[in-house]
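Trainee: Take a look at this one; I'll ask things after.
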Amino acid sequence: MSTRRSTHEIGKAFELHALRFCNRHLGMSLRAVGGAGDGGVDLRGWWYLPSFNISPALVKLAQNEEISSHLTHPEKVTSAFEPTSSDRMRRLRVVAQCKAERKVVGPRAVRELEGVMAHLRGKAGYDNTENELKTNTMAILLSQSGFTPAAMQHAIRSGAPMMLVHLPGGQPITLSPNLTTSDDREIKLSNSSPSPAELSESSGADDDEKWDETYSGAGKERGEEEEEEEILVEGAWWNPALGGKGGLLGGEMELRREILSTSGVNALTGEAKIRTRLGVYHLGNRLNLNNSYT
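Mind the numbering: the sequence shown is residues 1 to 294 in UniProt numbering, read in order.
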């Protein structure tokens, strides 16, 4: 059986990988929306954060079970959680694009994301709804291969609040030759990068249905193991329009690479193998996956 993967399969695998990262490691509440009429957006949702100039101790008191339920069920959010009426929590609208490309992402992708943000601002003004105009929006660009210096420089100058994430991994699932259509299918994850042949476009709707069934089956096979999945992050950074003192986050939030442990020595370089993770901090205090202080 051929292992050739379509661009749709490659893109969707990375999209779901990025979704897990944003929700589990950044504490966001996003959903995948990519498809026809998506307006250039792959992931969309909310990020619940402490309000500006609120002490960590006060925020910790505010983050009870009720707020945690709103993080996983954003459709139930009431006006009490709007940034203009809440003394403790606020929310940002998040839109994200996922780039599963072999080449390093250049400034063109950043300009495209700026266009998406401009369209959303224009739409909010056209709709002229109070909630739309009061809700701030940030963008995330997630790349499987990283970014060029030109892309980083363009993002720095951009007035659109933006976060760039280099997120390797998330390759399509590789099926065993003995795969059948029954529920006892064998599934494993591919750790290798897609070859040029895998980037060729597949034809027909059957491939989409097969991919959906495959990923669904893989989720059932992995079960609880996926909950503890460690996601490698090569780099994460946001521009001044988002993280600066004059940006949406008011200079109160920061990203830190945390060292978890060392596990032996690299046989080729002699350097220690270090396990790390990305941490989000507010006023020097780490936020956990439920956006509470630890």
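The C-beta atom is built at its ideal place from N, Cα and C for all residues, glycine as well.
#1: Should N288 go down as buried or exposed, given a rule of 16 or more other Cβ atoms within 10 Å for buried?
#2: With DSSP as the reference, identify every bridge partner of A272, one or two as the case may be.
#3: Considering just the uninterrupted stretch of the alpha helix (DSSP H) at P50, what are its terminal residues?
#4: Would you identify the three-state DSSP class for V33, choosing helix, strand or coil?
#5: At what residue ranges does the segment 92 to 152 contain a whole run of the alpha helix (DSSP H), taking only runs of 4 or more?
#6: Assuming G279 contacts K273 under a Cβ cut-off of 8 Å, what Cβ separation, rounded to an integer in Å, is found between them?
#7: Let me check understanding here. Comparing Cα to Cα, which of T262, E252 and L30 lies closest to N285?
#8: Buried or exposed: which applies to Q153, given that a residue is buried once 16 or more other Cβ atoms fall within 10 Å of its Cβ?
#9: Got a sec? Which residues, its chain only, sit under 8 Å from I259 by beta carbon, not counting five neighbours each side?
#10: Identify, in the order they occur along the chain, each residue of the same chain with its Cβ nearer than 6 Å to the Cβ of G40, setting aside the five sequence neighbours on each side.
#11: Any idea what DSSP makes of V280, helix, strand or coil?
#12: At the level of alpha carbons, what is the spacing between W237 and R257?
#13: Per the contact definition of three or more C-beta pairs closer than 8 Å, is the segment 22 to 30 in contact with the segment 98 to 109?
#14: Identify which residue in V33, A32, S145 and W47 has its Cα closest to the Cα of L249.
#15: Leaving out five residues on either side along the sequence, give the residues of the same chain with a beta carbon under 7 Å from the beta carbon of S158.
#16: In whole angstroms, what separates the C-alpha of M162 from that of H17?
#17: Going straight from the alpha carbon of V94 to that of A118, what length do you get?
#18: Taking only the alpha-carbon atoms, compute the straight-line gap between M89 and S51 and give it to the nearest angstrom.
#19: For S261, is the classification buried or exposed, using 16 other Cβ atoms within 10 angstroms of its Cβ as the cut-off for buried?
#20: What number of angstroms, rounded off, separates the C-alpha of L19 from the C-alpha of S143?
#21: Evaluate A139 with the Cβ neighbour count: other Cβ atoms within 10 Å of its Cβ, from every protein chain shown; 16 or more gives buried, anything less gives exposed.
Mentor: The relevant details are as follows:
#1: The sequence position of residue 288 within the sequence shown is 288, counting from 1. It counts as exposed.
#2: Counting from 1 along the sequence shown, the entry for residue 272 is found at position 272. Per DSSP, V265.
#3: Looking up residue 50 in the sequence shown gives position 50. Not the alpha helix (DSSP H): P50 falls in the beta strand (DSSP E), residues L43 to P50.
#4: The residue given as residue 33 occupies position 33 in the sequence shown. In the structure shown, V33 sits in coil (DSSP, three-state: anything other than H, G, I, E or B).
#5: 107 to 127 and 130 to 134
#6: The sequence position of residue 279 within the sequence shown is 279, counting from 1. The sequence position of residue 273 within the sequence shown is 273, counting from 1. So it is not a contact: roughly 20 Å between Cβ atoms.
#7: Locating residue 285 in the sequence shown gives position 285, counting from the first residue. It is E252.
#8: Stepping through the sequence shown from its first residue, residue 153 is reached at position 153. Q153 should be labelled exposed.
#9: Mapped onto the sequence shown, residue 259 falls at position 259. If we look at I259 and ignore the five residues flanking it on each side, its Cβ neighbours are I274, R275 and T276.
#10: Along the sequence shown, read from residue 1 onward, the residue named residue 40 stands at position 40. Only V116 meet the Cβ criterion.
#11: The residue given as residue 280 occupies position 280 in the sequence shown. Strand.
#12: Here residue 237 refers to the residue found at position 237 of the sequence shown. Here residue 257 refers to the residue found at position 257 of the sequence shown. If you take the alpha carbons of W237 and R257, they lie about 11 Å apart.
#13: Contact between the segment 98 to 109 and the segment 22 to 30 is absent, because fewer than three Cβ pairs lie under 8 Å.
#14: Taking the first residue of the sequence shown as 1, we reach residue 249 at position 249. When each option's Cα is compared against that of L249, the closest is W47.
#15: Position 158 of the sequence shown holds residue 158. Counting only Cβ-Cβ distances below 7 Å, and skipping sequence neighbours, we find V110, E114, N239 and A241.
#16: Numbered from 1 along the sequence shown, position 162 holds the residue referred to as residue 162. Numbered from 1 along the sequence shown, position 17 holds the residue referred to as residue 17. Rounded to whole angstroms, M162 to H17 spans 20 Å at the Cα level.
#17: Translated into the one-based positions of the sequence shown, residue 94 becomes position 94. Translated into the one-based positions of the sequence shown, residue 118 becomes position 118. For V94 and A118, the distance between alpha carbons rounds to 14 Å.
#18: Within the sequence shown, residue 89 is the residue found at index 89, counting from 1. Within the sequence shown, residue 51 is the residue found at index 51, counting from 1. Roughly 5 Å separates the two Cα atoms.
#19: Here residue 261 corresponds to residue number 261 of the sequence shown, with the count starting at 1. Its Cβ having fewer than 16 others within 10 Å, S261 is exposed.
#20: Walking along the sequence shown from the start, residue 19 turns up at place 19. Walking along the sequence shown from the start, residue 143 turns up at place 143. Each residue's alpha carbon lies about 13 Å from the other.
#21: Position 139 of the sequence shown, counted from the start, is the residue given in the question as residue 139. By the neighbour-count rule (16 or more Cβ atoms within 10 Å), A139 is buried.
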